[in-house]
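Numbering (the numbering used here), first residue to last: 15 to 396.
Just so you know, even glycine gets a beta-carbon here, dropped at the ideal spot from N, CA and C.
All remarks here apply to the structure that follows.
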Amino acid sequence: MIIYWSMILWIFLIYILYDITHKEDIALTDYNLQQGIQRRVPWAYAFLVFGYFIFWASMRHYVSDTTAYVAAFNNYSTNFSEEFSKLNWDPWSSEGKGVLFNAYSIFFKCFISDNYTLWLSSIAIFSGVCVMISLRKYCMNADFFLASFLFLAFLCYSGYMLNGMRQFICVAVSFLCCDFIITGKFFKFLTMVAILIFIHSTAIFLIPIYFIARLKPWSKLVWLFIFAMVLITVFAEPFFGKVDEFAQGTSYENDISTYFKEDDGVNPLRVLFYAVPPVLAFVYREKLSKYYEKMPVLSLCVNLSVFTASVYLVGMVTSGIFIGRLPIYSELYDLILIPVLLRICFNENNRKYVYFGYVAVLLLYYYLTGPTYYHSDYFGGF
């Protein structure tokens, strides 16, 4: 547990350093937000924060499903032609799941190194830097540090970057390319999705996410989506019984019914925490609407926050493993939205109390539900 808590302490320490050296920039953040002036945290601070995350992600071994990934990597021979010929390029089949990821792993082992730590490092660096670039790009100045804290506290780091790293590659790439959604470049977005499907087939869900994200916040279509998700929650069993029928013959054949029998759903606390941003966004929708032109990513974040909370609601009464992993493609946008909400919704006098209260509650949530074990071949178990 100490490794995970050291990351939170690290963010705090780097923020103190930034506060000492950039007091004027921090003081002007509210003004810059009101004027639509984007001021970003310097690259050095962004790399310091995420470099620490990436380091421990690179050094891990017996953490979550990393053991299975390492075992698969070790099982590959160094005969590239032989291993490459075994690949099945149908991403919807059981044998073809993650074929592009497997191809990269084979290439890495055959031509770069057979050291699995270096292989894990390459993936951690790629996915971590993608997330870092987007947070730095869209967060106003020091808000980057709060967003980085949320990345840990919302269990995105331990739940996705360390567990399910193949899917997280797709998440990180789509997050990096969110400009395709903002600017309406659907063909480029579709091309990206087509490639990502060969890494993790759930990337197909990015297509409906694209259309939901581009809606006008709180429009009739958004409310229709919320209503549909509530209906699915109420009639979950018959609905997903039909989904299971459609999944026959794919890599998810029988998975859905199995998940429903063995899984008790998403943690209600998680649903509650992800419900806070869209509720605040609705209550203060008039204030937020004034910033949509100044900060185009904001409307996208509001819609995807609604999507995240709605899908988690469904996951709470169905399967946390299957349904609960779908919002991974949208929940990173809450990391951008929440700092903006705190600035817009609360005046400067009250904001610091809200900050402290919110962070304190998240620390308690992290303590109760966060990761408890870390292991590295180089540093041992913690």
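Nonlocal neighbours in the same chain, by C-beta distance under 7 angstroms from residue i, ignoring five residues either side
{"i": "Ala289", "result": "Ala323"}
{"i": "Leu229", "result": "Leu235, Val236 and Asn317"}
{"i": "Ser20", "result": "none"}
{"i": "Ile40", "result": "Asp33, Asn155 and Ala156"}
Cβ neighbour criterion (16 or more within 10 Å) applied to residue i
{"i": "Trp70", "result": "buried"}
{"i": "Leu283", "result": "exposed"}
{"i": "Thr81", "result": "exposed"}
{"i": "Asp157", "result": "buried"}
{"i": "Ile126", "result": "exposed"}
{"i": "Gln181", "result": "buried"}
{"i": "Pro341", "result": "buried"}
{"i": "Pro291", "result": "buried"}
{"i": "Gly329", "result": "buried"}
{"i": "Leu314", "result": "buried"}
{"i": "Lys100", "result": "exposed"}
{"i": "Gly142", "result": "buried"}
{"i": "Phe201", "result": "exposed"}
{"i": "Leu164", "result": "buried"}
{"i": "Lys366", "result": "exposed"}
{"i": "Asn155", "result": "buried"}
{"i": "Arg299", "result": "exposed"}
{"i": "Phe241", "result": "exposed"}
Residue from the options whose Cα sits closest to the Cα of residue i
{"i": "Asn116", "options": "Phe212, Gly198 and Ser390", "result": "Phe212"}
{"i": "Ala86", "options": "Leu47, Ser390, Asp128 and Val63", "result": "Asp128"}
{"i": "Val63", "options": "Phe122, Ser162 and Asp79", "result": "Ser162"}
{"i": "Phe94", "options": "Phe121, Ser107 and Cys192", "result": "Phe121"}
{"i": "Leu302", "options": "Phe201, Arg150 and Ile358", "result": "Ile358"}
{"i": "Val55", "options": "Ile147, Asp104, Ala138 and Leu27", "result": "Ile147"}
{"i": "Thr131", "options": "Thr92, Asn88 and Pro105", "result": "Asn88"}
{"i": "Ala58", "options": "His75, Met309, His36 and Ile218", "result": "His36"}
{"i": "Glu362", "options": "Tyr118, Leu42 and Ile221", "result": "Leu42"}
{"i": "Trp103", "options": "Glu96, Lys111 and Glu97", "result": "Lys111"}
{"i": "Lys151", "options": "Ala60, Pro105, Glu97 and Phe98", "result": "Ala60"}
{"i": "Pro222", "options": "Glu96, Val325 and Glu300", "result": "Val325"}
{"i": "Val145", "options": "Gly65, Phe360, Ser390 and Gln52", "result": "Gly65"}
Residue j beta carbon less than 9 angstroms from that of residue i
{"i": "Val293", "j": "Phe239", "result": "no"}
{"i": "Val311", "j": "Ile196", "result": "yes"}
{"i": "Asn177", "j": "Asp79", "result": "yes"}
{"i": "Val77", "j": "Tyr381", "result": "no"}
{"i": "Val185", "j": "Tyr174", "result": "yes"}
{"i": "Ile25", "j": "Phe159", "result": "yes"}
{"i": "Ile350", "j": "Leu149", "result": "yes"}
{"i": "Tyr372", "j": "Gly50", "result": "no"}
Backbone CA spacing between residue i and residue j [nearest angstrom]
{"i": "Asn84", "j": "Phe67", "result": "Contrary to the premise, residue 84 reads as Val rather than Asn in this sequence. Cα to Cα, Val84 sits roughly 19 angstroms from Phe67."}
{"i": "Tyr369", "j": "Ser72", "result": "31 angstroms"}
{"i": "Tyr90", "j": "Ser344", "result": "33 angstroms"}
{"i": "Pro231", "j": "Asp33", "result": "34 angstroms"}
{"i": "Tyr392", "j": "Val187", "result": "29 angstroms"}
{"i": "Gly394", "j": "Pro385", "result": "16 angstroms"}
{"i": "Ile209", "j": "Ser108", "result": "18 angstroms"}
{"i": "Cys153", "j": "Pro353", "result": "8 angstroms"}
{"i": "Ile226", "j": "Ile28", "result": "36 angstroms"}
{"i": "Leu356", "j": "Ser215", "result": "35 angstroms"}
{"i": "Val236", "j": "Met206", "result": "25 angstroms"}
{"i": "Glu307", "j": "Ile22", "result": "33 angstroms"}
{"i": "Val297", "j": "Ala217", "result": "32 angstroms"}
{"i": "Ser233", "j": "Leu47", "result": "24 angstroms"}
{"i": "Phe219", "j": "Leu204", "result": "11 angstroms"}
{"i": "Ala295", "j": "Asp348", "result": "11 angstroms"}
{"i": "Pro105", "j": "Leu346", "result": "25 angstroms"}
{"i": "Ala261", "j": "Phe98", "result": "Its pLDDT being 47, under 50, Ala261 is placed unreliably by the model, and nothing is read from it."}
{"i": "Ile16", "j": "Ser135", "result": "21 angstroms"}
{"i": "Lys275", "j": "Val331", "result": "Per-residue confidence for Lys275 stands at a pLDDT of 49, beneath the threshold of 50, marking its modelled position as unreliable; no derived number is given."}
{"i": "Phe194", "j": "Leu245", "result": "31 angstroms"}
{"i": "Met309", "j": "Glu96", "result": "51 angstroms"}
{"i": "Gly198", "j": "Gln52", "result": "21 angstroms"}
{"i": "His75", "j": "Tyr18", "result": "15 angstroms"}
{"i": "Trp133", "j": "Lys123", "result": "8 angstroms"}
{"i": "Thr92", "j": "Ile139", "result": "23 angstroms"}
{"i": "Ser119", "j": "Phe360", "result": "48 angstroms"}
{"i": "Val280", "j": "Glu38", "result": "42 angstroms"}
{"i": "Tyr224", "j": "Thr383", "result": "31 angstroms"}
{"i": "Asn364", "j": "Ala374", "result": "16 angstroms"}
Own chain, CB closer than 6 angstroms to residue i, minus 5 neighbours either side, in chain order
{"i": "Leu376", "result": "Ala167"}
{"i": "Lys256", "result": "Here Lys256 scores only 49 on pLDDT, less than 50, and its place in the model should not be relied on; the value that follows carries that caveat. Excluding sequence neighbours, Lys256 sits near nothing in its chain."}
{"i": "Cys191", "result": "Met206"}
Contacts around residue i, its chain only, beta-carbon distance under 8 angstroms, and the 5 residues preceding and following it disregarded
{"i": "Ile137", "result": "Met179 and Ile183"}
{"i": "Phe287", "result": "Phe168, Leu376 and Tyr379"}
{"i": "His389", "result": "Arg74, His75, Tyr76, Val77, Gly395 and Phe396"}
The ligand FAD heavy atom lying under 8 angstroms from the CB of residue i
{"i": "Ile34", "result": "This structure simply doesn't include the ligand FAD, nor any ligand for that matter."}
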